[in-house]
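Working notes, structure below.
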Amino acid sequence: MLTVQSYLSAMLIYWVAAMIGIVLMRRLWFATPLNSLGGVTLGLIAGVLLAPAFPGPEVQSMAPALIVVVFNTLFGEGFESALSGALWLLGGALSGAVAGFFWARRRAGRASQ
Numbered sequence: 015m016l017t018v019q020s021y022l023s024a025m026l027i028y029w030v031a032a033m034i035g036i037v038l039m040r041r042l043w044f045a046t047p048l049n050s051l052g053g054v055t056l057g058l059i060a061g062v063l064l065a066p067a068f069p070g071p072e073v074q075s076m077a078p079a080l081i082v083v084v085f086n087t088l089f090g091e092g093f094e095s096a097l098s099g100a101l102w103l104l105g106g107a108l109s110g111a112v113a114g115f116f117w118a119r120r121r122a123g124r125a126s127q
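The working numbering applies: residue 15 is where the sequence shown begins, and numbers increase by one.
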């Protein structure tokens, strides 16, 4: 069982690593002025990586939703046990895609002025 301090440290390390990965993807994969499709794609990836979820109804701590969905589907009672995490993952992906779209449009508007 993790202590509160080790749990928070692990989540912080995960989120920092995910943010570094997102920044590296932005610099290496996408064109310099980010277009709307690139913004949606990058936002979608960020939403999938950063969305949290509860692993189960009796669990008081959160985990990355992607990990919850994969592990509950493969090693739990199937997709039924991963449905809550999948909804969190879908919500994170959609909100990330919308945020990425508007972020790319705002940056493109600044670059054209």
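Ideal placement from N, C-alpha and C gives every residue a C-beta, glycine not left out.
Residue i - partner residues in DSSP beta bridges
| i | result |
| --- | --- |
| Ala-77 | Ala-67 |
Residue range of the alpha helix (DSSP H) that includes residue i
| i | result |
| --- | --- |
| Leu-22 | 18-43 |
Close-in-space but distant-in-sequence residues of the same chain around residue i (CB under 6 Å, 5 per side omitted)
| i | result |
| --- | --- |
| Ala-32 | Leu-63, Leu-64 |
| Ala-107 | Leu-58, Gly-61, Val-62 |
| Ala-67 | Ala-79, Val-82, Gly-99, Trp-102 |
| Leu-69 | In the sequence on display, residue 69 carries Pro and not Leu. Cβ neighbours of Pro-69 beyond the five flanking positions: Ala-77, Val-82. |
| Tyr-21 | Ser-75 |
| Ile-27 | none |
| Ile-36 | Ala-60 |
Burial state of residue i, where buried means 16 or more other Cβ atoms lie within 10 Å
| i | result |
| --- | --- |
| Gly-123 | exposed |
| Trp-43 | exposed |
| Gly-110 | buried |
Beta-carbon contacts of residue i that lie in its chain and below 8 Å, excluding the five residues immediately before and after
| i | result |
| --- | --- |
| Ala-45 | Gly-52 |
| Leu-80 | Val-62, Leu-63, Ala-65, Leu-103 |
| Phe-115 | Ser-50, Gly-53, Val-54, Gly-57 |
| Arg-119 | Ser-50, Gly-53 |
Contacting residues, own chain, Cβ-Cβ under 7 Å from residue i (five flanking each side not counted)
| i | result |
| --- | --- |
| Val-83 | Ala-96, Gly-99, Ala-100, Leu-103 |
| Thr-87 | Phe-93, Ala-96 |
| Phe-89 | none |
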